[in-house]
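Report on the structure given below.
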Amino acid sequence: MKLLSIFIMSFLLLGCETIAELQATAAAPSTPTETIAMPELQLQENDLSDDDADGVITYREQCLNSVLGSQVNNSGCGGDTVNTVRQELKVNFGNNSAVIAARYFSDIKELADFMSRYPDLDVIIEGHSSKQGSAALNMDLSQRRAQAVMDLLVNRFGVSTSRVSAIGYGFERLLDEGNSKSAHKRNRRIVAELSGENLTQDMKWTIYSVDKTL
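With mature numbering (1 follows the signal peptide of the UniProt record, and there is no 0) applied, the sequence shown covers -20 to -1, 1 to 194.
Here it is as structure tokens:
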């Protein structure tokens, strides 16, 4: 009987301690829960397309219409490398003549218009002749023909003289070594050599090499 009384007293004491612990826990201040605010979703307003396919998005693009495959910087622009491009002008002259027929003015004007759009460009007008007659005669004739084209660019179409020069090569730079009429015709030519920064990227004029072997 005494042993049972001791057991009951121990049980009651243990229960009181447990209740006291629960009451103490309930009375303790609770730790505040931290709330993380999620950023609001924003609508993408920048143009992420690449209209000229140069690897630079349109939003960052500063030089539109890059030539496909050209090297550009992070703004879509080329470097400041000076390039040269050669273009044959469709100008034919009469035998031993340096007079330009009016029907060729439109081709020369096309060059003048292009230079007007790109004021950093300069041009050298080259005169070339066929291998008929003496070297001295053809050198002089090719120079006068190149000068005639230069004069037309300056006096009729308003290109600054500081941007144009003329040189005659006679038959020093033949395209065709043959002695046929077609060979002579190929060799009698006027070539415009354009030079300027970013020329290959800005070029809209029809370009092809005039010195390659056909």
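A virtual CB, placed ideally from N, CA and C, is assigned to each residue, including glycine. Predicted model, so just to flag it, every value in this text is computed and none were measured.
Sub-9 Å separation of residue i and residue j beta-carbons
{"i": "Gly113", "j": "Gly148", "result": "no"}
{"i": "Ile104", "j": "Ser145", "result": "yes"}
{"i": "Phe151", "j": "Ser86", "result": "no"}
{"i": "Val65", "j": "Glu173", "result": "yes"}
{"i": "Arg143", "j": "Asp93", "result": "no"}
Separation of residue j from residue i, as counted between CA atoms
{"i": "residue 196", "j": "Val79", "result": "One cannot answer for residue 196 here, as it falls past the ends of the chain, which runs -20 to 194."}
{"i": "Ser175", "j": "Pro99", "result": "11 Å"}
{"i": "Asn167", "j": "Val139", "result": "27 Å"}
{"i": "Val134", "j": "Arg124", "result": "15 Å"}
{"i": "Leu69", "j": "Ala116", "result": "24 Å"}
{"i": "Val129", "j": "Leu155", "result": "21 Å"}
{"i": "Asp120", "j": "Arg97", "result": "33 Å"}
{"i": "Thr141", "j": "Phe73", "result": "23 Å"}
{"i": "Arg153", "j": "Asn159", "result": "15 Å"}
{"i": "Gln67", "j": "Asp131", "result": "18 Å"}
Residue i in three-state terms, based on DSSP
{"i": "Arg153", "result": "coil"}
{"i": "Gly176", "result": "strand"}
{"i": "Ser162", "result": "helix"}
{"i": "Ser142", "result": "helix"}
{"i": "Arg83", "result": "helix"}
{"i": "Arg168", "result": "coil"}
{"i": "Gly148", "result": "strand"}
{"i": "residue 199", "result": "Past the edges of the chain, shown from -20 to 194, lies residue 199, and the structure says nothing about it."}
Outcome for residue i when other beta-carbon atoms lying within 10 angstroms are tallied against a minimum of 16
{"i": "Arg83", "result": "exposed"}
{"i": "Ser122", "result": "buried"}
{"i": "Asn75", "result": "exposed"}
{"i": "Asn118", "result": "buried"}
{"i": "Arg169", "result": "buried"}
Cβ-heavy atom distance, residue i to the ligand MN, below 8 Å
{"i": "Asn72", "result": "In the structure on display, the ligand MN does not appear, and there are no ligands present to speak of."}
Original post:
Which full runs of the beta strand (DSSP E) of 3+ residues lie inside the region 85 to 139, going along the chain?
Top reply: 102 to 108
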